[in-house]
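Below is one structure, written out as structure tokens; the observations come after it.
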Amino acid sequence: MNRAGGNAAPATHGGSITYTLTGNLTGTLQDHAGHTITFAHTPFRWDVVGDIRSGTSLLGLAPVPVFEVPARSDRIAIGHRDLSPTIPTVFAVATVPGAHPFGIAGFSERATNHGLAWRSPRLAGYDGVSAIPSLPVSFDNAASLPTNGGDLRITTASDLHFRAVTG
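Per my numbering, residue 3 is the first one in the sequence shown, and the count goes up by one each step.
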């Protein structure tokens, strides 16, 4: 299956893809001067643009194959703040097998997994390159992420929706 929950368009074999996650975040941003900005249930939008041709399949944990697309651009808007990670990031997706399989996806740094991850049973089997209309997803985990505005630490996320647009 190459589509999330059967609602995606057929995969394309080249071109760009924009992954978007929206919802509300709770956490902190420690700026470069050492000041801590706290945000609670603050609306956010995270856009990662990648090149489908750059996608790779890797052997992940447990061993679960992971599909990754390196970010050409990565922008996080939290409230009135615009941030960009200062380390290379990827969009990654994997299917966790079992009696109730689910897909886990995220925007993160490849080696450390610093970033944000979400999950949904409808992401099980997602190929990482097909279009997906807005799909409700659940927060899975987060790790601190260095950005141009400081160190972003996400505690939790809610009301999450993920989509992928090709072209």
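For each residue, glycine too, the CB sits at the ideal point set by N, CA and C.
Straight-line gap, His-162 to Ala-79 (C-alpha atoms, nearest Å): The sequence position of residue 162 within the sequence shown is 160, counting from 1. The sequence position of residue 79 within the sequence shown is 77, counting from 1. Note that residue 162 is Leu in the sequence shown here, rather than His. Roughly 14 Å between the two C-alpha positions.
Look at Ala-96 and Gly-105 and say whether their C-beta atoms are less than 8 Å apart. Within the sequence shown, numbered from 1, the residue matching residue 96 stands at position 94. Within the sequence shown, numbered from 1, the residue matching residue 105 stands at position 103. Closer than 8 Å, so yes.
Report, in whole angstroms, the separation of the C-beta atoms of Thr-38 and Thr-88, which I expect to be a contact under 8 Å. Indexing the sequence shown from 1 puts residue 38 at position 36. Indexing the sequence shown from 1 puts residue 88 at position 86. With a Cβ gap of about 18 Å, Thr-38 and Thr-88 do not count as contacting.
Below 6 Å CB to CB, which residues in the same chain sit around Arg-155 once its five sequence neighbours on both sides are set aside? By one-based count along the sequence shown, residue 155 stands at place 153. Here the set comprises Gly-29, Thr-30, Ser-146.
Starting from Ile-89, follow its DSSP beta bridges and name the residues at the other end. Translated into positions along the sequence shown, residue 89 becomes position 87. Answer by DSSP bridge pairing: none, since Ile-89 is not bridged.
So Ser-110 and Phe-141 are supposed to be a Cβ contact under 8 Å. How far apart are they, rounded? The sequence position of residue 110 within the sequence shown is 108, counting from 1. The sequence position of residue 141 within the sequence shown is 139, counting from 1. Not quite, the Cβ-Cβ distance comes to about 14 Å (not below 8 Å), so this is no contact.
Sequence-distant residues of its chain with Cβ nearer than 6 Å to Pro-12 (five each side left out): Residue numbering aside, residue 12 sits at position 10 when the sequence shown is read from its first letter. Confidence at Pro-12 is low in this model, with a pLDDT of 39, below 50, so the placement of that residue is unreliable and no value is reported for it.
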